[in-house]
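Peer 1: What follows is a structure written as structure tokens; I'll ask about it next.
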Amino acid sequence: MDPINKTELENHLPEKWTMIIKPKRSIFSVNLNELWQYRDLIFLFVKRDFVSKFKQTILGPLWFIIQPLLTTIMFTIVFGNIAGIPTDGIPKMLFYLSGIVGWTYFATCLNDTSQTFVKNAAIFGKVYFPRLALPVSVVISNLVSFVIQFIFLLCFMLYFYLAGSSVNPNINVLLIPVLVIIIAGLGLGFGIIISSLTTKYRDLTHLVTFGVSLWMYATPIIYPLSEIPEKYKIFVLANPMTPIVETFKSALLGVGEVNYLQLLYSFGFTVFVLCVGVIIFNKVEKTFMDTV
Amino acid sequence: MSNTIIKLEDISKQYRLGVVGTGTLSHDLNRWFAKIRRKEDPTLKIGASNVLDTVDGQYVWALKDINLDVGEGEVLGIIGKNGAGKSTLLKLLSRVTGPTTGTIKINGRIASLLEVGTGFHPELTGKENIYLNGAILGMTKKEISSKFDEIVDFSGVKKFVNTPVKRYSSGMYVRLAFAVAAHLEPETLIVDEVLAVGDAEFQKKAIGKMKSVSKSGRTVLFVSHNLTAVEQLCTRGVLMQNGTIIMDGKVHDITTAYKKMSVDENELKRSGARQIEFLDYNLTDENDKVTDEIYLGDSFIVNANIKANENIDNTDLSLDIRNDANEFISHVTNADDLFELKNINKGEKVSVSVKVKNLSLAPGTYYISLWLGNMYGTFDYIENCLRFSIRQGEKFILRPYPFDKRSKTVLQSKWNFR
Chain A
5 MDPINKTELE NHLPEKWTMI IKPKRSIFSV NLNELWQYRD LIFLFVKRDF VSKFKQTILG
65 PLWFIIQPLL TTIMFTIVFG NIAGIPTDGI PKMLFYLSGI VGWTYFATCL NDTSQTFVKN
125 AAIFGKVYFP RLALPVSVVI SNLVSFVIQF IFLLCFMLYF YLAGSSVNPN INVLLIPVLV
185 IIIAGLGLGF GIIISSLTTK YRDLTHLVTF GVSLWMYATP IIYPLSEIPE KYKIFVLANP
245 MTPIVETFKS ALLGVGEVNY LQLLYSFGFT VFVLCVGVII FNKVEKTFMD TV
Chain B
2 MSNTIIKLED ISKQYRLGVV GTGTLSHDLN RWFAKIRRKE DPTLKIGASN VLDTVDGQYV
62 WALKDINLDV GEGEVLGIIG KNGAGKSTLL KLLSRVTGPT TGTIKINGRI ASLLEVGTGF
122 HPELTGKENI YLNGAILGMT KKEISSKFDE IVDFSGVKKF VNTPVKRYSS GMYVRLAFAV
182 AAHLEPETLI VDEVLAVGDA EFQKKAIGKM KSVSKSGRTV LFVSHNLTAV EQLCTRGVLM
242 QNGTIIMDGK VHDITTAYKK MSVDENELKR SGARQIEFLD YNLTDENDKV TDEIYLGDSF
302 IVNANIKANE NIDNTDLSLD IRNDANEFIS HVTNADDLFE LKNINKGEKV SVSVKVKNLS
362 LAPGTYYISL WLGNMYGTFD YIENCLRFSI RQGEKFILRP YPFDKRSKTV LQSKWNFR
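Protein chains in written order, with this note's numbering: chain A, 5 to 296; chain B, 2 to 419.
Laid out in structure tokens, this is it:
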């Protein structure tokens with residue numbers, strides 16, 4: 005074979021490329037594999053968040069505990085003692101703290117991830133890495149503070165138990181890891197949907213912090229589910245956070261009932277929000293630099 | 002022929018101008034409501050036509066139909082003016098944003114250094130930032146650990162590696178950032194304007210590092226306004242203008258073309274108080290024909306009409322000659338010929354011509370600046386306002402092949418046997 009024909013033959017061989025960038029990408033082509041390759045980055049982001057949060061503070065990680073503690077004291081005075089909202093016979097401080105710990109994790113996940121694009125525009129504008137790494141790292145670093153607060157809650161429970169109050173942790177405690185995953189997923193899902201939309205509409209950033217604090221009142225944090233009038237119950241139950249907070253409290257404190265069907269609803273809701281979020285996020289991440 | 006590692010096929014990138022997204026939800030809803038009522042868009046400025054119905058006029062093409070193949074191990078310099086599309090091209094390659102049309106095919110990992118220090122966190126220490134920045138650029142923790150000492154040595158901030166980077170001087174900051182990026186091992190490295198920072202010694206080190214990177218068989222795409230650095234590093238060049246590639250070839254040809262382009266398009270720099278000024282000027286050959294090509298050994302004539310705006314006792318007129326690298330080559334002034342320009346009255350016009358004989362400048366392109374002034378100051382100075390090129394010809398030297406490009410001047414020689 006003469007050399008000219010040989011090169012021609014080579015030219016017709018299929019070309020092998022590591023990566024092909026095209027303008028349009030299928031909406032379902034979410035590259036989770038790539039996210040896994042960047043796991044080191046995710047953990048370094050977590051470390052960065054943690055370290056930078058408490059540099060040059062005197063109390064350092066103690067703030068993780070001070071925040072829910074002060075909120076609990078506030079709630080005990082305002083809602084417990086002044087307004088006189090009952091707490092299903094559980095010590096008031098324990099009732100509020102258990103709700104606050106779970107809710108705080110959700111709220112921080114949502115608030116922090118919702119600013120992914122706007123806050124990190126500078127870094128996103130210069131270098132590529134899977135954008136999802138940032139919101140995921142936020143959820144993980146908030147998990148660290150959740151764990152610390154959870155341990156604090158356990159100490160609180162031990163104190164009240166020794167003081168003779170009715171604290172009855174039960175077998176449903178085993179559900180807590182599942183609850184944490186649902187909380188994280190729900191926060192992340194809503195957060196990345198909002199962050200994707202804020203690339204175009206900045207209005208949402210104002211709405212989020214405000215919306216989340218309103219949302220708390222639609223969740224049985226400061227009142228037990230049993231106290232809600234029948235006509236409002238449906239609205240509170242439609243809130244995917246309700247079954248989670250209820251299960252959480254009932255597992256640890258032994259009041260109320262665990263409704264598995266409602267829990268399944270929360271789980272389904274979370275999966276849905278998370279899928280929608282990842283799809284929108286994936287679509288926006290490619291060209292958001294042009295609109296931010 | 003080396004393997005193609007990056008292939009751009011008909012790449013275009015379109016940006017929308019501001020009118021499409023108004024930025025707030027309320028404005029967009031407002032506009033949408035206006036649209037369904039077939040009213041005029043309320044968010045448009047008064048006087049602007051309603052662009053919602055028209056297709057053109059609201060888009061800009063930052064890149065248009067770019068086709069480019071980059072071979073393995075090639076060091077490609079991309080030059081062009083601000084807004085030519087260089088950075089957009091690099092952004093597409095580094096996947097910061099996506100193309101509007103076309104396909105980019107890439108083999109191997111690409112790491113970009115669009116700006117050093119991406120993701121550095123001021124509160125973190127040097128060490129923590131090395132890990133974080135390395136991971137952002139695509140390295141795994143293990144890779145960074147294995148290179149950690151090398152990175153620290155290269156940056157020269159060993160003593161401060163456990164200090165938060167917010168306490169670093171800007172030089173240290175940049176050195177550390179560059180050190181991390183330089184120790185990446187991607188198949189392709191994208192570098193944009195990094196060499197503009199750091200002191201001379203560090204720049205030398207950085208260029209050395211990039212040379213060794215390219216020698217190790219990796220591909221480098223380099224965007225810079227520092228033409229010397231581009232010439233030193235790159236083997237091939239691409240010249241961009243208005244979103245298209247207008248020239249692709251050897252790096253020296255590209256930089257020359259770019260310099261030429263800059264002079265042609267720049268407005269003339271003119272300074273002086275204009276007590277007396279140039280009205281017009283031209284450059285001709287010996288036969289008074291306007292030209293910009295002179296053969297070696299020939300002469301050129303510069304004619305200038307000047308006009309006094311005040312009474313002038315005494316002025317000098319001189320020509321600065323520079324080459325295409327803006328190096329000062331020679332200077333010609335009226336005193337060389339004991340010629341005097343004295344006692345010019347207000348409003349008077351004078352025509353002067355100066356003949357420069359027996360040109361022995363090395364073949365190449367030259368620029369003349371015209372100056373009027375005296376020992377007390379400048380009356381009128383016009384920079385690089387005339388251009389001519391010297392052709393080798395056969396009058397001055399007879400060698401039948403091109404003269405050595407490194408030369409600045411040509412010496413005439415006479416050869417004999419003795």
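Where a beta carbon is used, it is the ideal one built from N, C-alpha and C, also for glycine. Here the structure is a predicted model, which is why all the values come from computation and not from measurement.
Check whether the Cβ atoms of I69/A and F156/A sit closer than 8 Å, and answer yes or no.
Peer 2: Yes, Cβ-Cβ distance for I69/A and F156/A is below 8 Å.
Peer 1: Quick one: complete alpha helix (DSSP H) runs, 4+ long, within the segment 72-147 of chain B?
Peer 2: Correct list: 87-94 and 127-137.
Peer 1: Smallest Cα separation from V143/A: which of L162/A, N115/A, V122/A and M161/A?
Peer 2: Of the listed residues, the one whose Cα sits closest to V143/A is N115/A.
Peer 1: How is V224/B classed by DSSP in three states: helix, strand or coil?
Peer 2: In this structure, V224/B counts as strand in the three-state DSSP scheme.
Peer 1: CA-CA distance, F2/A and K253/A?
Peer 2: With chain A covering 5 to 296 only, the question about residue 2/A has no answer from this structure.
Peer 1: Whole-angstrom Cβ separation of G193/A and L278/A, contact assumed at under 8 Å?
Peer 2: G193/A to L278/A, Cβ: 4 Å. Contact.
Peer 1: Quick one: what does DSSP say I264/A is sitting in, helix, strand or coil?
Peer 2: Looking at the sequence provided, one finds Tyr at residue 264/A rather than Ile. Y264/A: helix per DSSP, three-state reduction.
Peer 1: Look up I398/B in the DSSP assignment and say whether it is helix, strand or coil.
Peer 2: Coil at I398/B, not helix or strand.
Peer 1: Quick check on DSSP: helix, strand or coil for N385/B?
Peer 2: Strand at N385/B.
Peer 1: So, using beta-carbon positions, are P65/A and I104/A closer together than 8 Å?
Peer 2: Result no, Cβ atoms of P65/A and I104/A do not sit closer than 8 Å.
Peer 1: Report yes if the CB atom of E294/B is closer than 8 Å to the CB atom of S215/B, and no otherwise.
Peer 2: No; because the gap between Cβ atoms is not below 8 Å, this pair is not in contact.
Peer 1: In the segment 162-191 of chain A, which residues sit with their C-beta less than 9 Å from some C-beta in chain B, listed in chain order?
Peer 2: Cβ contacts with chain B come from no residue of the segment 162-191 of chain A.
Peer 1: Starting from W372/B, trace the beta strand (DSSP E) in both directions and tell me its first and last residue.
Peer 2: Counting along the chain, the beta strand (DSSP E) containing W372/B begins and ends at G365 to N375.
Peer 1: Would I80/B and G250/B be called neighbours here (beta carbons separated by less than 8 Å)?
Peer 2: Not in contact: I80/B and G250/B (Cβ atoms no closer than 8 Å).
Peer 1: Cβ of K128/B less than 8 Å from any chain A Cβ?
Peer 2: It does not: the Cβ of K128/B has no partner Cβ on chain A nearer than 8 Å.
Peer 1: Taking a cut of 9 Å between CB atoms, which residues from the segment 73-102 of chain B lie near chain A?
Peer 2: Result list: K92, L93, L94, S95, R96, V97, T98, G99, P100, T101 and T102.
Peer 1: Of all the options Y165/A, I152/A and R43/A, which has the alpha carbon lying nearest to the alpha carbon of I94/A?
Peer 2: If we check each option's Cα against that of I94/A, Y165/A comes out closest.
Peer 1: When you compare only the Cα positions, how much space is there between K237/A and T291/A?
Peer 2: Straight-line Cα distance between these residues: approximately 43 Å.
Peer 1: Short of 7 Å in beta carbon distance, which residues of its chain neighbour T11/A, apart from the five on each side in sequence? Order them along the chain.
Peer 2: For T11/A, the predicted structure reports a pLDDT of 42, less than 50, and the residue's modelled location is therefore unreliable. A value from the coordinates is still provided. None.
Peer 1: Which of the three DSSP states is assigned to A137/A in this structure?
Peer 2: Looking at A137/A - three-state DSSP - the assignment turns out to be helix.
Peer 1: Could you spell out the range, first to last residue, of the alpha helix (DSSP H) harbouring A182/B?
Peer 2: Here the alpha helix (DSSP H) through A182/B covers S171 to A183.
Peer 1: Grab me the residues of A136/B's own chain with a C-beta within less than 8 Å of its C-beta, minus the 5 sequence neighbours each way, in chain order.
Peer 2: Excluding positions up to five away in sequence, the list reads K142 and I145.
Peer 1: Based on DSSP bridge pairs, tell me the residues matched to L342/B.
Peer 2: Paired residues: T316/B.
Peer 1: Counting only beta-carbon atoms, is L69/B nearer than 8 Å to chain A?
Peer 2: Taking Cβ atoms only, chain A never reaches closer than 8 Å to L69/B, which makes this a no.
Peer 1: Tell me whether I81/A is buried or exposed, calling it buried when 16 or more other Cβ atoms sit within 10 Å of its Cβ.
Peer 2: Flag for I81/A reads exposed.
Peer 1: Under the three-state reduction of DSSP, which class applies to K206/B: helix, strand or coil?
Peer 2: Reduced to three states, the DSSP call for K206/B is helix.
Peer 1: From this set, V262/A, L208/A and L218/A, which residue's C-alpha is nearest L229/A's C-alpha?
Peer 2: Nearest option by C-alpha distance: V262/A.
Peer 1: Below 7 Å CB to CB, which residues in the same chain sit around S156/B once its five sequence neighbours on both sides are set aside?
Peer 2: Only R176, L177 and A180 meet the Cβ criterion.
Peer 1: At 3 residues or longer, and completely inside the segment 231-315 of chain B: list those beta strand (DSSP E) runs for me, N to C.
Peer 2: Taking only runs of at least 3 residues, the beta strand (DSSP E) segments lying wholly in the segment 231-315 of chain B are 237-242, 245-251, 277-285, 294-296 and 301-309.
Peer 1: Could you pull out every residue in the same chain whose Cβ sits closer than 6 Å to the Cβ of T2/A, ignoring the five residues on either side in sequence?
Peer 2: This structure does not reach residue 2/A, given that chain A is present from 5 up to 296, and the question cannot be answered.
Peer 1: For chain B, find out if any of its Cβ atoms is closer than 8 Å to the Cβ of S56/A; answer yes or no.
Peer 2: Chain B, which has a Cβ nearer than 8 Å to the Cβ of S56/A, makes this yes.
Peer 1: Roughly how many angstroms lie between the CA atoms of V71/B and M293/A, to the nearest whole one?
Peer 2: Cα to Cα, the separation comes out at about 26 Å.
Peer 1: Do we get a CB-CB distance below 8 Å when we pair H122/B with the residues of chain A?
Peer 2: Taking Cβ atoms only, chain A reaches closer than 8 Å to H122/B, which makes this a yes.
Peer 1: Give the straight-line distance between the Cα atoms of V216/A and A230/B, rounded to the nearest whole angstrom.
Peer 2: Cα to Cα, the separation comes out at about 54 Å.
Peer 1: For the alpha helix (DSSP H) holding M245/A, just list the boundary residues, first then last.
Peer 2: It spans M245 to L257 - the alpha helix (DSSP H) in which M245/A sits, taken as one unbroken run.
Peer 1: Is L166/A helix, strand or coil by DSSP?
Peer 2: Reduced to three states, the DSSP call for L166/A is helix.
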